[in-house]
Every structure is written in structure tokens, then in C-alpha cells.
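**Student:**
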Amino acid sequence: MSNYHIKHLEEYFQVYRKSVRDPEHFWQEVAEEHFLWRKRWDNVLSWDFSKPEVKWFEGAELNITENCLDRHLRTHGDHTAILFEPNSPDEEAQHITYKQLHEKVCKMANVLKDNGIEKGDRVCIYLPMIPELAIALLACARIGAVHSVVFAGFSSKALATRINDAACKMVITSDGSYRGAKKLDLKSIVDEALESCETIETVLLVERTKNKVVLKEGRDKWLQPLLDAADSTCEVVTMKAEDPLFILYTSGSTGRPKGMVHTTAGYMVYTAYTFKNIFQYNDGDIYWCTADIGWITGHSYIVYGPLANGATTVMFEGVPSYPDFSRFWEIVDKHKITHLYTAPTAIRALAKENIEYVEKCDLTSLKVLGSVGEPINEEAWHWYNDNIGKNKSPIVDTWWQTETGGIMISPIPFVTPTKPTYATLPFIGIQPSLMDESGKEMKGNQVEGRLCIKYPWPSMARTIWGDHERYRDTYFSAYENKYFTGDGAMRDEVGYYRITGRVDDVIIVSGHNLGTAPIEDAINEHPAVAESAIVGFPHDVKGNALYGYVILKEYGETRNLENLSKEINQQISDRIGPIAKLDKIQFVSGLPKTRSGKIMRRILRKIASKDTSNLGDTSTLLNPEVVQEIMDNSL
Ligand code: PRX
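In this text, residue positions in the sequence shown follow the UniProt record's numbering: the first is 1, and each later residue adds one.
(1) Just to confirm the assignment, what range does the beta strand (DSSP E) spanning Glu-85 have?
(2) For Gly-495, count neighbouring Cβ atoms within 10 angstroms of its own Cβ and tell me buried if that reaches 16, exposed if not.
(3) Could you pull out every unbroken beta strand (DSSP E) segment of at least 3 residues lying fully inside the stretch 301 to 340, listed in chain order?
(4) For Ile-428, which residues in the same chain have their Cβ closer than 6 Å to its Cβ, ignoring the five residues on either side in sequence?
(5) So if I measure from each beta-carbon to every heavy atom of the ligand PRX and keep distances below 7 Å, which residues remain?
(6) Let's test the definition: count the other Cβ atoms within 10 Å of the Cβ of Arg-498 and tell me whether it reaches 16, buried, or not, exposed.
(7) Going by other Cβ atoms of all chains shown within 10 Å of its Cβ, with 16 needed for buried, is Asn-563 buried or exposed?
(8) Quick one, which of Asp-114, Val-111, Ile-82 has its alpha-carbon nearest Gln-100's?
(9) Along the chain, which unbroken stretches of the beta strand (DSSP E) at least 3 residues long are found entirely within the stretch 142 to 224?
(10) Can you tell me whether His-512 is buried or exposed, with buried defined as 16 or more other CB within 10 angstroms of its CB?
(11) Between which residues of its own chain and Ile-464 is the CB-CB distance below 8 Å, once the five residues before and five after are set aside?
(12) Check the C-beta distance from Val-372 over to Thr-297 and give it rounded, since I have them as a contact under 8 Å.
(13) Grouping DSSP H, G and I as helix and E and B as strand, with all else coil, what is Tyr-126?
(14) So for Phe-537, helix, strand or coil by DSSP?
(15) Taking 7 Å as the limit between beta carbons, can you name the residues of its chain near Trp-400, skipping five residues before and five after?
(16) With DSSP as the reference, label Arg-595 as helix, strand or coil.
(17) Say whether the stretch 230 to 238 touches the stretch 91 to 109, bearing in mind that this needs 3 or more beta-carbon pairs closer than 8 Å, one atom from each stretch.
(18) Pull up the distance between the alpha-carbon of Ser-188 and that of Val-213, whole angstroms please.
(19) Met-1 to Tyr-12, Cα distance in whole Å?
(20) Using 8 Å as the threshold, is the C-beta distance between Asp-175 and Leu-205 below it?
(21) Check whether the stretch 109 to 117 touches the stretch 342 to 351, taking contact to mean three or more Cβ pairs, one atom from each stretch, closer than 8 Å.
(22) Give the DSSP bridge partners of Asn-43, in chain order.
(23) Which residue marks the beginning of the alpha helix (DSSP H) containing Asn-544, and which one marks its end?
(24) Is it a yes or a no for the stretch 36 to 44 touching the stretch 428 to 443, going by three-plus beta-carbon pairs under 8 Å?
(25) For His-25, does the three-state DSSP call read helix, strand or coil?
(26) Following the continuous beta strand (DSSP E) through Thr-75, name the residue where it begins and the one where it ends.
(27) Please state whether the Cβ-Cβ distance between Pro-432 and Leu-451 is less than 8 Å.
(28) With a Cβ-Cβ cutoff of 8 Å, do Ile-143 and Val-54 count as a contact?
(29) Short check: CB of Thr-398 to CB of Leu-366, under 8 Å?
(30) Using beta-carbon positions only, say whether Asn-387 and Val-368 come within less than 8 Å of one another.
(31) To which residues of the same chain is Arg-605 closer than 8 Å at the C-beta, ignoring the five residues directly before and after it?
(32) Determine, using beta carbons only, whether Leu-425 and Thr-418 come nearer to each other than 8 Å.
(33) Determine the extent of the beta strand (DSSP E) in which Glu-448 is found, giving its start and end residues.
(34) Using only CA atoms, which one of Glu-132, Ala-141, Glu-567 lies nearest to Asn-67?
This is the structure:
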């Protein structure tokens, strides 16, 4: 029996049992049969969650791009690897074959080398969703440079923080980007960021929008002429299994963003294996994940997972609403998409529009639908299932995280019966457990608790860049010998999991993780602000929106509060990016605090959600009177 491609429920249970009974043997078989190694491993797994230290395939040597590109050349050289759909439907789509992609990656890798990039150096990539973005990732991986992609919607300050944290040597960016009808000037954001970065030696610029840009002598270079002059072959640099492949930042509930470090072999094996099974991808299928490569979904399921399987992966530069709300469905129709993997926030936004936007397109090519990033509510699930899947394409509701590298809990289409709002069963090799408040594992079904994983899986992040202690504290200290996800979940009567949402101070807005602390820090930097607290409240498109409670230094100040709200949001936009802006800002005279000075967010969350019938015990508050005032003036 091949373990690589699961086709029946019975097979799933068999393979699952095998994968947890003897994980090392199981993953060794997968690794042996389906990948190209320069040197075999000495040891499949060693681990200790108390340190925490996890090593997969130690001793092995490989290069992930050899697995994503070179080995497909003979059988798939003329198949499309990347299908690029530009922002404007009037611009022609590009079909980049495996042969062409291989050549482009080699050229880019040579340019990186010519510009002083060596194995282990960090390269920051700040690009829109154009082919050069995927090519830049692969070029880094080919020569062993560690890529750190920063989503091109982050502000210059957020970009600078990330560049400095990883001490990047180079930035790859573009003159600008198209987002629907808007044109953004990425180069000046980079210029502004680099005013506070000392480690960057070179900026490579992709020409995309023909924005006027100023090149800084000795630092900035147009990429195209360098590519034109570069050699089209580039030997891979052999990587050790545990060499870092990339850093990707995610928000924490406190302070600075966390640079999650993913390593080479385990990440490759797990993303490839999950891609094959969770999407049931077959040769000739056209797979489209609508995420941005700036997030983990794009890394694992636009670039590495699909390419490791020789698949055709679509990259879409634009937005679902441009030129109108039919765009997604037109792309499905135009390219005969077979797999569509998107986010609940996009589904909700499109479900609000006239159904004619959907009905005028032919969606019969679709076979599998996916959802990721946040819990999908029942209404959105049914809309997606009825109108897009026409009740015949299963929805895979995939639960996972930047930290997990790959999908952890998900149905397998045509294998696992789906259930609306449930991510269903753990994937092969994944051992979830639910913990109660006292730290005990909850056995049996029909229980709800905090979601942990009790055994290592190949694609888990190995550390936080430069801060291993924070890695341990955040993920391995809440429960002994377990990885704590930060999510709550319930397990139903048949063992299906439903993710109920974050149990920490991370709020998911339109599928993006936002920590409360960095936003509060940004607000508090405004000269008129004394203190602030952010909570999430339900929003029918974004899932959650942000509600800010702000104490001014001079309460009752006669300043125009509307302007002040605008200034506060501008401040957040400058410090973090527009995605972190607040939907509502209420100025208050105080915040409900415990006697030890901790803000009682539970109460603020209830008020923001207009759920004030039962605020719970407020007697322990230092200042209970402020609660009534906040409720009276609630927005
Ligand atoms: O709360 C969970 C939610 O998104 C968090 C991880 O966010 P991020 O690291 O940005 O990765 C998103 C893409 C993998 C999780 O802790 N989440 C993600 N997928 C789901 C989900 N919540 C419910 N259902 C999902 N399918």
C-alpha cells in the first residue's frame, strides 16, 4: 500500500494509526519514496519539548528546489508550474512551465550570488503577487539563503522592524504594486524603512508599475538587466535537513512580531504530503490558492507544496472586487480551475454581492474547495458549498498556523465526510489533545478545551529567530510536554474537531493575526493618548473587527474627537499597516482593571459585542463605576 495518496476513509484510519504508532517509520517511508536526497538521514527524529528541540531527518542533505524544480524537468518540463493572473483582466495571463521556472530561478539565484548573498544570509522579500515573488523565494532556497517575506501591505515601520530583527542583507522589492484600482508605491516604503536599517547592502528592484523611483547609488539596482546577463544554470547548494529555509513573522499577543523559523527537510516532506492528500491533486489539475505569499498559506500551498508535487499553481495579483465582484469566478471559468483554496472573509464578502456575479460564470471545472485562516461560520460554509461547490465539491476546512508550517486538522476530500464549521479529523501524523483549565488532558469525545499537539510533526517551526526562550515560553510552557496552539477547540461525538477561536490576545481580522499589544503600543504613542485597550467584536465580513477604548491624557478635552480618531488610525497604519486599523474608537475616562492592574478585557469584549446581559463578576474590579460609563457611551 502506498502511504502517499490516501483514497478511502478506511485507508485514512489505517495510515493514521500507523503514523502515530510508529511516526519515525511512517515519515521515513514517505521521505524515502517521494523525494530526492543528496545524502540520506542518520536519524529520523529526535525531540524534547522541554528545551524545546526538534530535529527531523538529521544528517540528511538536500535542496528543496531540486525537489520542486529539477526533478520534474524530465516528466513535467513543459507543464505549467506557475499560472500568473495579473491584477487587470486586460493584461494577459502568463503560463510559466517547469523548464522556464527552473531557468528563471537559476538566473535569479546567480544574481543573488553576484550581489554577495551566501548560504545563511537573510534576504527580505517585499513584493506584490507577481511571479518574481515565487522566483525570489526559490532562488534564495537554491543557494541556501534564508528568505524573510514581508507582506507588501505592511508599513515602512513594520518592514524595518522585520529587516532589523533578522539582520537582512538584501531587500527584493518592486517599483510599485497594483491592488485593484489602486497603485501603491512600494519603493518609497522601502526607502523610508531603510532609513533605520543598517544591514541592507543591496536593493533589487522589479519593474512592475513603471512608477517613478529614485535609485540610491551603490545600493539600488534594477533586477531585469541583471537577470538578462545572468547564467541560466545554477548548481544547488546542499542544505542540511535542519538548516533554516525561511523566517516568517507572525503577531504575538505581546510586543514584537515573532520570526518563526522553518527548516528544510521536514517542511518539504510535510507540505508536499499534505498538499497531495488534502487537495487530492492529480496531474492536469489547476490549483488556485488565493492567499498572498506574504503569509504562510502562500509559502506552503502556493509555492513549496504544489511545486514539490509538480502541480500547476495559480498566482493572482489582484483582489476579489476588481474590476467587479465576479473576478474570482471569472478566473475559475477562464483557467478551468479545479481546486480553489480561499478564506472565510473572502467568501463572506462575495456572498453579500448579487448572485449573478457567480451565476454568469461556468464553475463546472471545480472539484475541491478549501477554507483557511479563521473559523468558517455556518452561513458562509453553506453559501460556498451551495453556490460555488454546487453540493458536489467537498470543502476542506483546514486548520493550521504559521507555526505549524502545514495543515494539521482537515478533512480529506472524497474521503472524510464533511460537517459545516468543523475542520474534522487530525491529519496523518498529527496528535491533538484538548486540555482543561487545570492543565489536564480531556479524554473522550464531546469535550471542549485548549488545543495542544502532543507529538512533533515534520514541519513545525523550530524556534523564533534570535529568541529561543520566547519560543519556549509562548508554545511549550503552558502545558508540560505539549505544543500549545493558542486556540480553543471542541471535539464532537465522533471525534471531529471544531476550532472555536483564539484563547489569547491575538485577534483574527479578515484572516490576519493581529496582536493587541503592538496596536495598543501604536495608539499610546499618540501624544494625546494616555492608555488604550483593544478587543475584537463580531463583524459580518471580516469575522472580527477591532474596537479600541482610549483614555486621553486630558479627558473631556475639547479637541475634535473625530479628527483624533482619524489620527489614531493613521498612527496604526503608519506603525503596522492599514489591516490593523480600528473600526470603532471610544474615548473613555478609565478602563476596567483588576486590583493587580490588569485590564479586564473580558468585560470590554462583551460591551464591544453588545452582549451586556451578563458581564460576570465585576466585584473584583478596582474601578467598577467605569463599566457603566463605558456601556452608556458604547458605539
Ligand atoms: O486561530 C487559528 C486561525 O488562524 C490562526 C493561525 O493564523 P496564521 O498563523 O496567520 O495562519 C493562518 C493560515 C494557516 C490559528 O491559530 N485559523 C487558521 N485556520 C483556521 C483557523 N481557525 C479556524 N478554522 C480554520 N480552518
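The C-beta atom is built at its ideal place from N, Cα and C for all residues, glycine as well.
**Tutor:** Reading it off the structure:
(1) 80 to 85
(2) exposed
(3) Runs of the beta strand (DSSP E) inside the stretch 301 to 340: 312 to 316.
(4) Val-15, Tyr-16, Ser-19
(5) Every residue passing the under-7 Å Cβ criterion appears here: Thr-250, Trp-295, Ile-296, Thr-297, Ser-371, Val-372, Gly-373, Glu-374, Pro-375, Ile-376, Asp-397, Thr-398, Trp-399, Trp-400, Gln-401, Thr-402, Glu-403, Ala-423, Thr-485, Gly-486, Asp-487, Ile-499, Gly-501, Arg-502, Ile-508, Gly-511, His-512, Asn-513.
(6) buried
(7) exposed
(8) Ile-82
(9) 146 to 149, 170 to 174, 177 to 179, 182 to 184, 202 to 206, 220 to 222
(10) buried
(11) Scanning its chain for C-beta atoms nearer than 8 Å, with the 5 sequence neighbours on each side dropped, one finds around Ile-464 the residues Lys-258, Gly-259, Met-260, Val-261, Arg-470, Tyr-471, Thr-474, in chain order.
(12) 6 Å
(13) strand
(14) strand
(15) Gly-406, Ile-407, Met-408
(16) Coil.
(17) The stretch 230 to 238 vs the stretch 91 to 109: in contact.
(18) 8 Å
(19) Per-residue confidence for Met-1 stands at a pLDDT of 42, beneath the threshold of 50, marking its modelled position as unreliable; the derived number appears in the next sentence. Straight-line Cα distance between these residues: approximately 12 Å.
(20) yes
(21) no
(22) According to DSSP, Asn-43 shares a beta bridge with Glu-58.
(23) First-last for Asn-544: 543 to 552, but that is the beta strand (DSSP E), not the alpha helix (DSSP H).
(24) Judged by Cβ distances under 8 Å, the stretch 36 to 44 makes no contact with the stretch 428 to 443, as fewer than three pairs qualify.
(25) If DSSP states are grouped into helix, strand and coil, His-25 belongs with the helices.
(26) No beta strand (DSSP E) holds Thr-75; the alpha helix (DSSP H) holding it covers 73 to 76.
(27) yes
(28) no
(29) Judged by beta-carbon spacing, Leu-366 lies beyond the 8 Å limit of Thr-398, meaning their Cβ atoms are not closer than that value.
(30) no
(31) Val-535, Gly-536, Phe-537
(32) no
(33) 447 to 453
(34) Ala-141
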